[in-house]
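Worksheet: the structure to be examined is printed underneath.
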Amino acid sequence: MIEDSTGQISLEYLLIFSISLIILVVFTMPLLHESMDNTFDVSDSIKTKADLSKMVQAIKQVYGQGQGSKQTVKLDVDKPVKITVSNKYASSKIKLKSGDNKNIKINVKSSLKTDSFNLKKGYYTFVVEWPMNSENMIIYQK
Numbered sequence: 049m050i051e052d053s054t055g056q057i058s059l060e061y062l063l064i065f066s067i068s069l070i071i072l073v074v075f076t077m078p079l080l081h082e083s084m085d086n087t088f089d090v091s092d093s094i095k096t097k098a099d100l101s102k103m104v105q106a107i108k109q110v111y112g113q114g115q116g117s118k119q120t121v122k123l124d125v126d127k128p129v130k131i132t133v134s135n136k137y138a139s140s141k142i143k144l145k146s147g148d149n150k151n152i153k154i155n156v157k158s159s160l161k162t163d164s165f166n167l168k169k170g171y172y173t174f175v176v177e178w179p180m181n182s183e184n185m186i187i188y189q190k
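Residue numbers (the numbering used here): 49 to 190.
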């Protein structure tokens with residue numbers, strides 16, 4: 049009588065494949081999680097820098113046009129952020145997934161006084177204005 053041992057081989061193959069798959073998942077999941085956190089940090093940094101660039105562009109335009117000029121800027125904020133604007137720069141500090149803080153700063157020449165805006169998630173409209181017969185520009189949230 050001939051015995052059939054293919055069932056035994058299939059079971060061993062499935063067992064070895066399952067163990068290999070579990071080992072692969074155990075080692076790759078932490079790496080995947082870390083790389084996703086880094087990707088989200090880069091995305092948040094780019095978004096924040098783009099928002100700052102919009103504000104800086106409006107400040108440059110108002111400063112270049114002189115007294116009596118005005119510009120509006122609309123921002124869509126994804127996560128809470130603090131934006132600081134002064135006569136030399138616009139900056140923002142964001143919190144990374146690792147717990148560290150990253151300071152994003154764009155230099156700009158203007159006649160603004162230092163002002164800070166704490167923004168939560170949502171849509172915001174800012175107005176950059178240089179009133180007539182005034183030495184200083186102003187920026188305010190509309």
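Every residue gets a Cβ at the ideal spot worked out from N, C-alpha and C, and that includes glycine.
Check	Outcome
Run through DSSP, which three-state label would leucine 167 get?	strand
Where do the N-terminal and C-terminal ends of the beta strand (DSSP E) with asparagine 151 fall, by residue?	149 to 155
Using a Cβ-Cβ cut-off of 6 Å (strictly less than) and excluding sequence neighbours within five positions of aspartate 124, which residues of its own chain qualify?	Tyr171
In three-state terms, what does DSSP make of leucine 123?	strand
Per DSSP, what kind of secondary structure is serine 214 in: helix, strand or coil?	No answer is possible for residue 214: it lies beyond the span of the chain, which begins at 49 and ends at 190.
Just the C-alpha distance for methionine 180 and lysine 130, rounded to the nearest angstrom, thanks.	29 Å
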